[in-house]
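Numbering (the UniProt record's numbering), first residue to last: 1 to 433.
The beta-carbon is built from N, C-alpha and C at its ideal position, and this holds for glycine as well.
In structure tokens, the structure reads:
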């Protein structure tokens with residue numbers, strides 16, 4: 001018992017020391033600082049599992065029979081349990097693609113009890129994230145995040161097609177101001193009615209998102225060929241707006257923003273454009289159609305590397321620990337959260353981000369869609385919603401209400417209930433109000 005207590009105390013001291021050394025050395029030499037953080041991360045991973053100290057460490061380095069990974073029973077892609085005093089979030093890669101996230105108490109995970117249980121032959125297993133958080137703290141943060149940062153609605157007043165919209169914005173749990181901005185309005189121009197809808201999800205501040213809210217649609221409509229070739233006009237306006245943001249970087253700061261924009265022309269034609277991971281989804285007949293493209297570093301790794309950048313889970317360096325075991329088995333641990341451009345930005349396209357712009361694109365993906373009699377509703381939302389909800393789930397929830405504002409509010413509330421950490425912004429447009 002004394003030996004175990006001494007080991008725990010030593011491990012705590014090691015973790016604290018490595019964090020301190022990491023903070024000091026990271027500014028001097030990124031690679032050295034990253035290793036220090038990595039060692040402290042492993043210590044924190046092992047710390048809550050006291051039974052780890054009673055294990056025979058020789059099993060990590062001596063021959064062991066081949067065994068498959070233990071399965072985890074679950075009824076859905078994501079399983080949560082807010083019981084127990086500690087919980088762990090595993091994302092495990094087997095073969096090519098990542099398995100669904102499993103959020104379970106450490107000691108209640110079926111088949112996964114300690115880090116050594118990941119020592120299995122013939123499989124390379126990556127621990128993408130392990131984060132420990134008390135359930136009480138989680139509930140407190142959830143309550144704080146539940147306060148809405150804005151809501152509203154409107155409708156069209158012209159034309160045979162009646163369209164109504166509603167929006168809801170909820171601040172996330174981070175200790176910074178709301179960074180999501182939106183546009184939702186109808187305007188009359190050249191005898192036609194345009195519905196303008198957008199979500200701008202800022203990062204490293206809200207300055208770029210606020211700039212986009214004021215200027216992006218104005219720049220699109222200023223393009224001479226907008227009425228003849230809306231797609232080309234949108235592309236040019238996105239490029240010009242990004243250049244204007246970069247030229248104002250001393251005032252706007254070093255941050256950036258994603259964008260998803262929708263222009264509804266006379267209630268009959270939709271033009272969707274986006275950069276980043278904010279998303280637009282259309283319910284049409286019995287189909288749910290994603291009209292935007294999620295621009296993620298892993299999916300655009302080639303173009304990022306061609307520009308001289310790299311994709312990593314760690315700030316500034318891709319740190320992977322690999323333990324070679326007998327019988328061609330291995331244990332690999334990648335310390336980080338999600339793939340990021342140069343270990344920093346979790347999207348591969350964005351406005352702003354001057355320090356990363358040589359490795360980033362602001363070229364939008366653009367798509368047009370006819371609004372027909374079976375077109376039901378359009379949903380635009382930031383990734384704070386889409387990280388915890390599928391397109392089909394969002395449409396099913398939005399269809400429960402005739403009032404689009406109530407539908408948008410229900411979507412953001414449900415995202416908060418599913419423990420979304422980010423700012424959450426949502427616009428619901430009912431195309432047959």
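Taking C-beta atoms as the reference points, residue 360 and residue 424 fail to come closer than 8 Å. Bounds of the alpha helix (DSSP H) holding residue 303 are 301 to 306. The C-alpha of residue 382 is placed about 28 Å away from the C-alpha of residue 227.
With 16 or more other CB atoms across the displayed protein chains lying within 10 angstroms of its CB, residue 405 is buried. By the 16-neighbour rule on beta-carbons within 10 angstroms, residue 430 is buried. Our two residues, residue 339 and residue 358, have alpha carbons roughly 18 Å apart in a direct line. With a cutoff of 8 Å on beta-carbon distance, residue 235 and residue 409 are scored as not near each other. In the same chain as residue 271, and ignoring 5 residues on each side of it, the C-beta atoms closer than 6 Å to its own belong to 230, 263, 368, in chain order. The beta carbon of residue 205 sits closer than 6 Å to those of 253, 255, all from its chain and outside the five residues before and after it, given in chain order. Residue pairing of residue 189 in beta bridges, as defined by DSSP: 192. Nearest Cα to residue 155 within the set 379, 403, 416, 411: 403. Excluding the 5 residues flanking it on each side, residue 376 has same chain C-beta neighbours closer than 6 Å at 283, in chain order.
Rounded to the nearest whole angstrom, the C-alpha separation of residue 370 and residue 221 is 20 Å.
Counted as a single uninterrupted DSSP element, the beta strand (DSSP E) harbouring residue 274 occupies residues 269 to 275. With 16 or more neighbouring CB atoms inside 10 Å of its own CB, residue 349 falls in the buried class. The C-alpha of residue 295 is placed about 19 Å away from the C-alpha of residue 241. The residue among 215, 419, 309, 247 with its C-alpha nearest the C-alpha of residue 238 is 215. The residue among 290, 195, 224, 307 with its C-alpha nearest the C-alpha of residue 162 is 195.
Beta-bridge partners assigned by DSSP to residue 265: 194, 269.
As computed with DSSP, residue 369 is found in a beta bridge with 270.
One thing to note: residue 407 has its Cβ no nearer than 8 Å to the Cβ of residue 415. If you look at residue 165, you'll find it in the beta strand (DSSP E) that goes 164 to 170. Around residue 426, the same chain offers 168, 381, 385, 408, 411, 412 as residues with beta carbons nearer than 6 Å, after the five sequence neighbours per side are excluded. In this structure, residue 217 lies away from residue 260, with their beta-carbon atoms at least 8 Å apart.
Per DSSP, residue 419 lies in no beta strand (DSSP E) segment and is marked neither H nor E. Bounds of the beta strand (DSSP E) holding residue 284 are 279 to 284.
The C-beta separation of residue 200 from residue 258 comes to about 7 Å, placing the pair in contact by the 8 Å criterion. A direct Cα-to-Cα measurement between residue 248 and residue 351 gives close to 12 Å.
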